[in-house]
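Notes to accompany the following structure.
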Amino acid sequence: MIVALNNKSNLTKDEFLKYQEELGTIDAKSVLILCASPLNIANFNLTNCYLGSQNVSKDLVGAHTGEVAASQLKSYGVDYCIVGHSERRTDQKETNEEIAQKIKNLYEQGITPILCVGETKAEREEGKVNDVIEEEIRIATAKLTDKQKEELIVAYEPIWSIGTGLIPTNEEIIEVFDLIKGLLPTTKVLYGGSANEKNIDELKQCKTIDGYLLGGLSLKPDLLKVFLEKLEK
Ligand code: PGA
């Protein structure tokens, strides 16, 4: 199992250092990936997690004020990077084409992309789930080699589920995972959106789930431990 932790824009420097002390005591069988906020990347000091970023620039190193290039991430030991998170697709108006460019930049630096896809509530109600996800995946992966598709990680995150406490039924999850795995048969697929220590017993009945992307829970190491214990039981 892969368990990626998305801290988002949380944790000041001191809070992050204390957080790492707690996270460092976790002894999990799963592959843990800590996607720290950009400044905290420089203070990463754990040995039980891989280091991840939450974003990368679509541009290469150079005159792009405020951006962080893939080669800079690599120089800080980043091995994984979230791309296309719905918060960025909404807030920064990131397009599928830009996301494809980011994925290219990451592969050039040997960083594994974690591509987020997912539908809004309205898109689900209008029966557009498959169309939305298929387009997000088709454009983001159009130029990837078979080997890159094998290495890629996709996270299915229904937008209406992120931070809301709402989760899809296992049947709804399986339907989307079947679609994703039909398009990318060798790619690992994570579930993300309000996954926690309470609903993991139910979620883990979905044998197709290869791991989880955790937002809120990533900030609570004690509950994260409970989640991992239940997941790995
Ligand atoms: P959540 O966030 O677990 O707080 O719902 C998941 C995410 O946005 O990656």
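Just so we're aligned, residue 6 is where the sequence shown starts under this note's numbering, counting upward by one. Note that beta-carbon positions come from the ideal geometry of N, C-alpha and C, so glycine has one too.
The beta carbon of Ala47 lies closer than 8 Å to those of Tyr81 in the same chain, with the five residues before and after it left out. Assigned with DSSP and collapsed to three states, Tyr24 falls in helix. Around the Cβ of Glu99, a 10 Å sphere holds 16 or more other Cβ atoms; the residue is buried. Secondary structure of Asn201 (DSSP, three-state): coil.
Contact between Leu222 and Leu228 holds, with the beta-carbon distance rounding to 6 Å and staying under 8 Å. In the DSSP assignment, Val83 forms no beta bridge with any residue.
Judged by DSSP in its simplified three-state form, Ser62 adopts coil rather than helix or strand. Counting C-beta pairs closer than 8 Å gives fewer than three between the segment 199 to 209 and the segment 147 to 155, which falls short of the contact rule. With respect to the 8 Å criterion, Val159 and Leu219 are not classified as neighbours on the basis of their beta carbons.
Annotation: the continuous alpha helix (DSSP H) that includes Ile142 extends over Val134 to Thr146. Cβ neighbours of Ile87 within its own chain (closer than 6 Å, five residues either side excluded): Cys40, Gln59 and Ile119.
By the neighbour-count definition (other C-beta atoms within 10 Å, threshold 16), Thr146 is a buried residue. The Cβ-Cβ distance between Tyr85 and Ile116 falls below 8 Å. When C-beta atoms of the segment 171 to 185 are compared with those of the segment 127 to 143, three or more pairs fall below 8 Å, so the two segments count as touching.
With 16 or more other Cβ atoms from the protein chains shown falling within 10 Å of its own Cβ, Glu124 counts as buried. Taking C-beta atoms under 8 Å as the contact rule, Gln106 and Ala75 fail to qualify, at a distance of about 10 Å. Comparing alpha carbon positions, the residue from Val36, Gly89, Thr17 and Glu180 closest to Arg129 is Glu180.
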